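Protein chains: 2
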Amino acid sequence: MSEPKIELREQPGRTRLEPRQAAPIDRQFPCEAEMRMAQSLMFFAYRDFTNAADVILDELGLGRAHHRALHFIGRNPGITVTDLLGILRITKQSLARVLTVLMGFGYVSQAPGRTDRRQRLLSLTPSGATLERRLFESQRERLSAAYLAAGATAVDGFRQVMRGIMDESAQRYVDNTDATEAEE
Amino acid sequence: MSEPKIELREQPGRTRLEPRQAAPIDRQFPCEAEMRMAQSLMFFAYRDFTNAADVILDELGLGRAHHRALHFIGRNPGITVTDLLGILRITKQSLARVLTVLMGFGYVSQAPGRTDRRQRLLSLTPSGATLERRLFESQRERLSAAYLAAGATAVDGFRQVMRGIMDESAQRYVDNTDATEAEE
DNA sequence: TCATATAAGTCAACATTGCTGCCATAATAC
DNA sequence: GTATTATGGCAGCAATGTTGACTTATATGA
Numbered sequence: 006m007s008e009p010k011i012e013l014r015e016q017p018g019r020t021r022l023e024p025r026q027a028a029p030i031d032r033q034f035p036c037e038a039e040m041r042m043a044q045s046l047m048f049f050a051y052r053d054f055t056n057a058a059d060v061i062l063d064e065l066g067l068g069r070a071h072h073r074a075l076h077f078i079g080r081n082p083g084i085t086v087t088d089l090l091g092i093l094r095i096t097k098q099s100l101a102r103v104l105t106v107l108m109g110f111g112y113v114s115q116a117p118g119r120t121d122r123r124q125r126l127l128s129l130t131p132s133g134a135t136l137e138r139r140l141f142e143s144q145r146e147r148l149s150a151a152y153l154a155a156g157a158t159a160v161d162g163f164r165q166v167m168r169g170i171m172d173e174s175a176q177r178y179v180d181n182t183d184a185t186e187a188e189e
Numbered sequence: 006m007s008e009p010k011i012e013l014r015e016q017p018g019r020t021r022l023e024p025r026q027a028a029p030i031d032r033q034f035p036c037e038a039e040m041r042m043a044q045s046l047m048f049f050a051y052r053d054f055t056n057a058a059d060v061i062l063d064e065l066g067l068g069r070a071h072h073r074a075l076h077f078i079g080r081n082p083g084i085t086v087t088d089l090l091g092i093l094r095i096t097k098q099s100l101a102r103v104l105t106v107l108m109g110f111g112y113v114s115q116a117p118g119r120t121d122r123r124q125r126l127l128s129l130t131p132s133g134a135t136l137e138r139r140l141f142e143s144q145r146e147r148l149s150a151a152y153l154a155a156g157a158t159a160v161d162g163f164r165q166v167m168r169g170i171m172d173e174s175a176q177r178y179v180d181n182t183d184a185t186e187a188e189e
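From first to last, the protein sequence lines are chains L and B.
Note that my numbering has the first sequence beginning at 6, numbered continuously upward.
Note that my numbering has the second sequence beginning at 6, numbered continuously upward.
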C-alpha cells in the first residue's frame, strides 16, 4: 500500500514543492493534505489511547462505556443522571445498563438530592475511585510520554485544537473543568 | 480532581481559592490535572469529529466502520486486504462484513494483484470517491475552523502530541502519509 | 390543591460492529 | 509436493448504541 500506483480520482492537480522541510504551509492554511492527516491522527490516537485501558477493562468484564461513566462521575462527584446523560450523549437506556453493572459491583453509589429528592446523585465509591485511577494510570503512561516529548508549547496547541474541534457545550465543559482543576 | 480533599473519591467540601489565573504549570510537567483534561479532550473531540460524518452515513444506512474503510482505501489505492486489516486492527470477519456492503453498493472495487494473484487490491470506484469526499467535507468544516482559530503553531503541536499518543506502527504510517502528501 | 412537568427507572426489541472458531480455495514458496 | 499465505465464508456471541412506551416520585406553578 502506501504508494498510489494506479489512479486515484482525487487530488486533481497538486503543485509540487521539492523538499519537505518543516511546515510547508503556503497556500490556504488548512490545506487538504492537513485535513486528511487529521482524520488519520484522530483515528490512530483515539484507538491507541483507549486501547491502554481496554486491557484492564477486559479482565474485569467491563467495557469502554463503563470507563467513560467512571471517568465523568469521578470528575463530577454528585452529578445527576441527567447531567451525565448530557455529557455522554447516549440514551437513558444505554446509561442505565452501564450504571446497573457499576453499582452492582459497588463502584458507584447513589444519594438522593438534597434540594430535589427526585435526583440520584452519582459518586464513585472508594473501590470505584481505585479502579478509575488504575484505568487512568494505564493511559497516563502513553500520554505523559507524548506530552513530555512534544513539550509544553505543543501541548498547548494540542489542547487548543482539540477544544476547537468539539462543540460549544463540550467547550464550556472543559473550560469549567480546567478552571476547577486550576484553582483546586 | 488532582487535590486529595478527603481521601480520593469524592469531595464533600472543596476548599476554594479566589482567583484562577493563567496556567499554573509549576510542579512536574504533565501534572495530573493535565492528564485528566486530556482524557476529556479525547472523548469530546473524537465524539464531535465523528458525529459530523455520522449524519450522512445514517442517510445511507452505513456506519463508522464503512467510513473508516473508505478513508483508508481512498488514501491507499490498491491496498491489500491484509494491509487494511493491519491499519484498522479489526478481524478479517469484521472487515469482510464492511467490504461486502461497500462493494455491493459499488463504492469499492477489487483487482487481483499483479505479482501475487492471491491478493485483491482494493480501490474506491468513482462513486466511492465521491462519497468519501462528501464525508470528508462534512468533517472538514469543523476541523478547519478549529485549525484556523488555533493557528499554525498550535496545529503543529496538535500533530506532535497526537503522533506521540499513537503506537509506533501508526506513527510510521502517518509519517509516510505525511511525506507522500507533501511531495505529491 | 390540582395539573403539569421533570428526574429517574424499566421493559422489549433491534442495529452496528467488534470477537472467536472453523473450514475452503487458490496461489506462492521452499 | 508440502507448507504457508491471502482471501473468503459461515455460525454464533458480546458490547453498546438506538427507539418507544410506561411507571413512580417529586417539584412547581396557576
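Cβ coordinates follow ideal geometry from the N, Cα and C atoms, glycine included.
Since this is a predicted model, take the numbers as computed values, not measurements.
Flagged as an interface residue toward chain B: Phe48/L, by a C-beta distance shorter than 8 Å.
The C-beta distance from Leu127/L to Leu67/L rounds to 16 Å, too long to meet the 8 Å contact threshold. Only buried fits Asp183/L, as 16 or more other CB atoms lie within 10 angstroms of its CB. Using a Cβ-Cβ cut-off of 9 Å, His76/B is close to Arg41, Gln44, Ser45 and Phe48 of chain L, given in chain order.
Counting only unbroken stretches of 3 or more residues, the beta strand (DSSP E) elements lying wholly within the region 118–149 of chain L are 125–129, in sequence order. Nearest Cα to Pro131/B within the set Asp121/B, Thr158/B and Gly111/B: Gly111/B. One thing to note: Leu148/L has its Cβ within 8 Å of the Cβ of Ile170/B. By the neighbour-count definition (other C-beta atoms within 10 Å, threshold 16), Asp53/L is a buried residue. Under DSSP, Val113/L forms a beta bridge with Leu129/L.
Against Ile61/B, chain L offers no close residue; the least beta-carbon distance is about 14 Å (beta-carbon pairs closer than 9 Å). Each of Leu136/L, Phe48/L, Asn56/L and Glu39/L was checked against the Cα of His76/L, and the nearest Cα belongs to Leu136/L. In the displayed model, Ile84/B falls within a strand according to three-state DSSP.
For Ala70/B, the nearest beta carbon of chain L is not closer than 8 Å to its own beta carbon. A distance below 8 Å separates the beta carbons of Gly162/L and Ala155/B. Taking a 10 Å sphere around the C-beta of Asn81/B, we find 16 or more other C-beta atoms and assign the residue as buried.
Those residues of the region 145–168 of chain L placed with their C-beta closer than 9 Å to a C-beta in chain B are Arg145, Arg147, Leu148, Ser149, Ala150, Ala151, Tyr152, Leu153, Ala154, Ala155, Gly156, Ala157, Thr158, Ala159, Val160, Asp161, Gly162, Phe163, Arg164, Gln165, Val166, Met167 and Arg168, ordered along the chain. Residue contact check for Phe110/L against chain B: no CB pair falls below 8 Å. For Asp180/B, no chain L residue has a C-beta closer than 7 Å to its own C-beta; the minimum C-beta separation is roughly 11 Å.
Residue-level contact check: Ile84/L does not touch chain B, since none of the beta carbons of chain B fall below 8 Å from its beta carbon.
Looking at Cys36/B, Asp63/B, Ser114/B and Glu37/B, the one whose alpha-carbon comes closest to that of Val86/B is Ser114/B.
Nearest C-alpha to Val179/L among Arg73/B, Glu37/B, Gln165/B and Ala50/B: Ala50/B. Rounded to whole angstroms, the separation of the alpha carbons of Glu64/L and Leu153/B is 43 Å.
Annotation for Ile61/B: the continuous alpha helix (DSSP H) segment containing it runs Glu37 to Leu65.
Put simply, the CB of Ile170/B is near chain L, with a gap under 8 Å to one of its CB atoms.
With a cutoff of 8 Å on beta-carbon distance, Val160/L and Val166/B are scored as near each other. Taking every protein chain shown into account, the CB of Ala150/L has fewer than 16 other CB atoms within 10 angstroms, so this residue is exposed.
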